[in-house]
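J.:
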Amino acid sequence: MNLGLSMSFIISGVLILMIATLNLRLGQHSSDLALHEMSKTHIEAVYEMLLFDFQKAGYDIDGAISSPIFLATPDTIAFEANVEADPVLAGNPPIVMWGYTDQMVPGSGNPDHRILQRIVSSNMVIDTPGGSIVTGATTDEVTNIGIGVTRFELQYYTAGSNTPMTFPIAASDMSEIRRIEIFVETQPREGVGMPGGEVRFPASQWRKTIVPPNLDL
Amino acid sequence: MGRAMLIIVSGVLLSVGITQSGLQDTVLGLSRHSTGYAERTQSSNIAHSALELTIHQMMQDETVCTQDGSLTYALDEGTAIVQFIYCADPADEDDVTYRLRATGTVGDQEQSINVTYQLQELHFLPDFNGAIGIATDDFTFGIDGASASISGNDASMTCEDGPGVAVQSAEGEDKVEGYASQIDGDPAIEVDPALNFDDVTEMIQRLEEQPGAQFLGGNVNEPLGSADNPGVFFVTSSTQLKGGASEGYGILVIRTNGELEMEGELDLGGNFTFNGLVIFENAFSLSAKGTPSINGSMLIGNTNDIGTMDVGISGNVNIQYDCQAIEYAKKASANVNGAGRKYTATSIYE
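Chains H and Y, in that order, are what the protein sequence lines are. First residue of the first sequence: 6, per the numbering used here; consecutive thereafter. First residue of the second sequence: 152, per the numbering used here; consecutive thereafter.
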């Protein structure tokens, strides 16, 4: 056999093997990246909503609300805010409540997924400090966010302090809250299969300290 | 054979090229995301900056705010537009509301902020609501004359009643208690540990440096300010108010002479009425031959070790808390301050 021809086949064979391996790895990386992007997209959707609401804590059209936060736990917060700047609600702003529930997300392949709940209601009555809802909100006032939140944690700070307030926060101290640190982690519904049968869920995390301007007015 | 190799190598290069292109797209996507986030933050920042610039302009000239008008700023490679949604009606004294919307744009990112402001007159007045506040424990107290009266009940009936006499401690309360029958208020005598003369001292120092402050001495025979134009008056030496000075509006400070450390005196005659805030700093000598009145509040305190202050009220002096008269003091403070205006944000929608 021609030596040159043999060498060519060997080289091309090696090249094809290298490309195949590269493609396989890139494929894995791409699906990992795609899942990561998916959880990042989820986290963006969540933080847009969180930013929208939390920035407006204590806002009302005719002036900031005095002591608007009345429930502040590590995973639930409730405050008064006219989040849509609705003139009809001026002077009687609705309650905005964010809480991480124990409810599983239907249809999710990720066992750590739980429902993050947003309620904006003028009818709701909340029993503090426990946080149980005495009078419920109507269905259309409740938004269940089931797009892959696996952690939702809140920390509260007073003005000028870098040490988080300790839980439970007394009702009389709620008016001292000036900053709220939010930590959110999302994961995709489906994971990436790893060697050994393990399934990995690439996570995206978002941490931000929000200073609602109306708390300081 | 050479042709076969050429085809294989071309295929390999094409495959690597496609892979490379895919990777570039991913990197580009990540860069776009980061840039968008930065531009959004930047547009929010320039919207805030534009609001501050607008408020600064309004402090210089309130007519900058015109209904449905707008101002445009070029800031940090972006543009900010401030729209005047609502401007207070200058003809209506009670209308002090301003609503502004600032929109910052950087790249293709846009952020808006709506802010409601209340116009307030800039003053340095301490927060005291009552007839007399004595911000020291080192004093004696006496009312010489059955006709003298002190009342913390708000004469204008528009505010909550305050104390007739507020003192810093129970020790001070003991000194005043013997005269409780001549003192009205809610309560007649109040112990207020927060009563502090430091704020008053700071206010006096600021007012004293303003060009509008007036220094009295000797015989004064003309009114001390007016309801429309209240003033800030300092008494640092013996001063006698004559018949022409039948009334006064604003802030009246009676203090020691800084160089001689002698007590200033205010000799009130006739039916003089002062509407506003009267402050005795390191001094108290109030004698009245007629039936003078002080409508507003009176604060007494010391800033250096002058020994015991003798707080003695003689004659037919009437010291009456009046929260509306305190407005003259605020106006006077704002008048001498020059700028006299501040816009306080009362709600921010972001």
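Just so it is clear, CB atoms sit at the ideal spot from N, CA and C, and this is done for glycine as well. Please read these numbers as outputs of a predicted model, since none were measured by experiment.
So, is the C-beta of residue 97 of chain H closer than 7 Å to a C-beta in chain Y?
T.: Under the Cβ distance rule, residue 97 of chain H does not count among the residues neighbouring chain Y, no pair being separated by less than 7 Å.
J.: Smallest Cα separation from residue 70 of chain H: which of H/84, H/58, H/205, H/59?
T.: H/84
J.: Could you name the residues of the same chain whose beta carbon sits closer than 7 Å to that of residue 149 of chain H, not counting the 5 residues immediately before and after it, in chain order?
T.: 120, 122
J.: I'd like to know whether the C-beta atoms of residue 198 of chain Y and residue 264 of chain Y end up nearer to each other than 7 Å.
T.: Yes. Within cutoff.
J.: So, residue 371 of chain Y versus residue 396 of chain Y, is the Cβ gap smaller than 7 Å?
T.: yes
J.: Whole angstroms is fine: what's the gap from residue 502 of chain Y's alpha carbon to residue 205 of chain Y's?
T.: There is simply no residue 502 of chain Y to check, as chain Y begins at 152 and stops at 501 in what is shown.
J.: Would you say the stretch 381–392 of chain Y touches the stretch 355–373 of chain Y, given that touching needs at least three Cβ pairs under 8 Å?
T.: yes
J.: How big is the Cα-Cα spacing for residue 423 of chain Y and residue 499 of chain Y?
T.: 47 Å
J.: From the DSSP output, in three-state form, read off residue 61 of chain H for me.
T.: coil
J.: Determine the closest residue to residue 40 of chain H out of H/195, H/222, H/17, with distance taken between C-alpha atoms.
T.: H/195
J.: Of all the beta strand (DSSP E) runs that stay within the bounds of the stretch 332–359 of chain Y, which reach a length of 3 or more residues?
T.: 340–342
J.: Is there at least one Cβ from chain H nearer than 7 Å to residue 249 of chain Y's Cβ?
T.: The Cβ of residue 249 of chain Y sits no closer than 7 Å to any Cβ of chain H.
J.: Within 10 angstroms of its Cβ, does residue 193 of chain Y collect 16 or more other Cβ (buried), or is it exposed?
T.: buried
J.: In this structure, does DSSP put residue 192 of chain H in helix, strand or coil?
T.: coil
J.: Is there a C-beta anywhere in chain Y that falls below 7 Å from the one on residue 200 of chain H?
T.: no
J.: Applying a beta-carbon distance threshold of less than 8 Å, which residues of chain H neighbour residue 508 of chain Y?
T.: This structure cannot settle anything about residue 508 of chain Y, because the visible part of chain Y is limited to 152 through 501.
J.: Do you know how far the Cα of residue 182 of chain Y is from the Cα of residue 47 of chain H?
T.: 18 Å
J.: What is the rounded straight-line gap between the Cα of residue 392 of chain Y and the Cα of residue 338 of chain Y?
T.: 32 Å
J.: Compare the C-beta of residue 500 of chain Y with all C-beta atoms of chain H and state if any pair is closer than 7 Å.
T.: Yes - at least one Cβ of chain H is within 7 Å of the one on residue 500 of chain Y.
J.: Between the stretch 88–103 of chain H and the stretch 47–67 of chain H, do at least 3 Cβ pairs fall closer than 8 Å?
T.: yes
J.: Is there a Cβ from chain H that is less than 7 Å from the Cβ of residue 186 of chain Y?
T.: no
J.: Give the residues of chain H in contact with residue 267 of chain Y, contact being defined as C-beta atoms less than 8 Å apart.
T.: 66, 67, 68
J.: Bridge partners for residue 371 of chain Y per DSSP, in chain order?
T.: Answer is Y/392, bridged to residue 371 of chain Y.
J.: Between the C-alpha atoms of residue 288 of chain Y and residue 233 of chain Y, what's the straight-line distance to the nearest angstrom?
T.: 53 Å
J.: Quick one: does residue 149 of chain H have its CB under 7 Å from some CB of chain Y?
T.: no
J.: In chain H, which residues lie with their C-beta within 7 Å of the C-beta of residue 496 of chain Y?
T.: By Cβ distance, chain H contributes 222.
J.: For residue 207 of chain H, go through chain Y and note every residue whose CB falls closer than 8 Å to its CB, in chain order.
T.: Residues of chain Y passing the Cβ test: none, with the nearest at roughly 14 Å.
J.: Would residue 50 of chain H count as contacting chain Y if we go by Cβ distances under 7 Å?
T.: no
J.: Classify residue 172 of chain H: buried if its beta carbon has 16 or more other beta carbons within 10 angstroms, exposed otherwise.
T.: exposed
J.: Buried or exposed for residue 45 of chain H, going by 16 or more other Cβ atoms inside 10 Å?
T.: The residue is buried, with at least 16 neighbouring Cβ atoms inside 10 Å.
J.: Determine the chain H residues that contact residue 159 of chain Y at a beta-carbon separation under 7 Å, and present them in chain order.
T.: 17
J.: Please confirm if residue 215 of chain Y has its CB atom under 7 Å from at least one CB of chain H.
T.: no
J.: Enumerate in chain order the residues of its own chain whose CB-to-CB distance from residue 296 of chain Y is below 7 Å, with the five nearest sequence positions on each side excluded.
T.: 465, 466, 467
J.: Using a Cβ cut-off of 8 Å, pull out every chain Y residue sitting near residue 24 of chain H, in sequence order please.
T.: 163, 166, 167
J.: DSSP puts residue 262 of chain Y in a beta bridge; with which residues?
T.: Y/255
J.: Helix, strand or coil: how does DSSP classify residue 304 of chain Y here?
T.: coil
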